[in-house]
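Letter 95 of the sequence shown, counting from 1, is numbered 95 in the UniProt record's numbering, and no numbers are missing.
The beta-carbon is built from N, C-alpha and C at its ideal position, and this holds for glycine as well.
Since this is a predicted model, take the numbers as computed values, not measurements.
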Amino acid sequence: MIIAIDGPAASGKGTIARRLAALYGLPHLDTGLLYRATAAALIGADRDLYDESAAVAAARGLGLTDFDEVVLRSREMGEAASIVAAMPGVRHALLEAQRAFAARPGGAVLDGRDIGTVVCPRADVKIFVTASAAARAQRRALELAQRGERADYAAILADIQKRDARDSERTAAPLRPAEDAVRLDTTPLGVEAAVAEAARIVESARVRA
Numbered sequence: 001m002i003i004a005i006d007g008p009a010a011s012g013k014g015t016i017a018r019r020l021a022a023l024y025g026l027p028h029l030d031t032g033l034l035y036r037a038t039a040a041a042l043i044g045a046d047r048d049l050y051d052e053s054a055a056v057a058a059a060r061g062l063g064l065t066d067f068d069e070v071v072l073r074s075r076e077m078g079e080a081a082s083i084v085a086a087m088p089g090v091r092h093a094l095l096e097a098q099r100a101f102a103a104r105p106g107g108a109v110l111d112g113r114d115i116g117t118v119v120c121p122r123a124d125v126k127i128f129v130t131a132s133a134a135a136r137a138q139r140r141a142l143e144l145a146q147r148g149e150r151a152d153y154a155a156i157l158a159d160i161q162k163r164d165a166r167d168s169e170r171t172a173a174p175l176r177p178a179e180d181a182v183r184l185d186t187t188p189l190g191v192e193a194a195v196a197e198a199a200r201i202v203e204s205a206r207v208r209a
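Following this line, the structure appears as structure tokens:
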């Protein structure tokens with residue numbers, strides 16, 4: 001069973017994906033980390049984030065698990081990742097690795113922005129997770145504060161709105177729900193309620209299959 005979870009930044013898709021993976025005993029891949037790791041490699045090598053050839057080379061050199069998530073999940077790295085993720089060459093370089101992960105025996109859970117539309121268009125379950133920009137900014141501010149980082153709500157909201165525009169308007173694999181995806185708005189939901197609703201969607205798809 002392949003479960004594709006898509007959605008914008010801080011919508012809750014990562015948490016939902018991890019919990020579903022645990023519930024169904026499936027491996028999980030946060031594909032956003034691949035783009036964050038690509039951006040981190042460029043920054044570490046003092047390369048221009050807009051240098052697509054350098055970004056493609058960095059993407060091809062990645063593994064799927066050797067990530068320092070503390071560094072990669074910073075607000076700044078999220079913004080940098082949004083830049084390299086808009087590059088067609090980078091997306092192509094990472095596509096086969098993501099599809100190979102999804103093809104593991106028994107299936108997998110992948111979350112990102114183009115899983116249901118590009119990476120796994122034939123996924124057994126597709127969920128598009130969303131939430132209002134205000135709710136997502138509040139969640140991200142709380143997450144950063146809990147990690148001891150500075151959390152400026154207004155700046156975070158502006159970043160989220162900018163990333164939404166960049167992700168939705170890019171020519172390569174823009175952020176959009178697959179036609180057969182089930183939408184899950186987490187704005188009014190806590191974590192447990194959101195996960196329960198996602199599990200209900202998965203079970204409904206399994207029954208139909």
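Residues in its own chain within less than 6 angstroms of residue i by CB, not counting five upstream and five downstream?
i: Arg139; result: Ala10
i: Arg18; result: His28
i: Glu52; result: Met87, Gly89
i: Asp164; result: Pro8
i: Arg47; result: Ala54
i: Tyr50; result: none
i: Val125; result: Ile3, Val202, Ala205
Taking residue i as the reference, which of the options has the closest Cα?
i: Ser74; options: Phe101, Ala100, Ala103, Ala37; result: Ala37
i: Tyr35; options: Ser82, Ala4, Gly61; result: Ser82
i: Thr31; options: Cys120, Ala198, Ala196, Glu149; result: Cys120
i: Leu142; options: Val129, Phe128, Leu157, Thr130; result: Leu157
i: Ala199; options: Thr187, Val56, Val182; result: Val182
i: Arg170; options: Val84, Val202, Ile2, Ile3; result: Val84
i: Ala40; options: Gly14, Ile5, Glu76; result: Glu76
i: Ala131; options: Ile2, Ile201, Lys13; result: Lys13
i: Arg122; options: Arg113, Arg136, Ala103; result: Ala103
i: Ile5; options: Val71, Ser168, Thr117; result: Thr117
i: Thr187; options: Arg166, Phe101, Ala137, Val56; result: Ala137
Does the Cβ of residue i have 16 or more other Cβ atoms within 10 Å, making it buried, or fewer, making it exposed?
i: Lys162; result: exposed
i: residue 217; result: The chain is shown only over 1 to 209; residue 217 falls outside these bounds and no answer can be derived.
i: Gln98; result: buried
i: Pro105; result: exposed
i: Arg206; result: exposed
i: Asp111; result: buried
i: Arg208; result: exposed
i: Val191; result: exposed
i: Gly44; result: exposed
i: Gly107; result: buried
Which first and last residues belong to the alpha helix (DSSP H) in which residue i is found?
i: Leu110; result: Where Leu110 is concerned, there is no enclosing alpha helix (DSSP H), although the beta strand (DSSP E) it sits in stretches over 108 to 112.
i: Val90; result: 88 to 102
i: Leu157; result: 153 to 169
i: Arg183; result: Arg183 -> not in any alpha helix (DSSP H); beta strand (DSSP E) instead, spanning 182 to 185.
i: Ile16; result: 13 to 24
i: Ala57; result: 52 to 60
i: Ile83; result: 75 to 85
For residue i, which residues of its own chain have a beta-carbon under 7 angstroms away from its beta-carbon, when the five flanking residues on both sides are left out?
i: Val195; result: Ile16, Arg19
i: Asp185; result: Thr130, Ala131
Where do the ends of the beta strand (DSSP E) carrying residue i lie?
i: Thr130; result: 125 to 130
i: Leu29; result: 28 to 30
Take residue i and list the residues in its own chain whose beta-carbon comes closer than 8 angstroms to its own, dropping the five residues that flank it on each side.
i: Glu197; result: Leu184, Leu189
- Query: Is there contact here, the region 20 to 35 with the region 174 to 191, by at least three beta-carbon pairs under 8 angstroms?
  - Reply: These segments do not touch.
- Query: Between the region 150 to 157 and the region 77 to 93, are three or more C-beta pairs nearer than 8 angstroms?
  - Reply: Short answer: they don't touch.
- Query: With a cut-off of 8 angstroms, do at least 3 Cβ pairs link the region 44 to 64 to the region 93 to 110?
  - Reply: The answer is yes - the region 93 to 110 touches the region 44 to 64, with three or more Cβ pairs under 8 angstroms.
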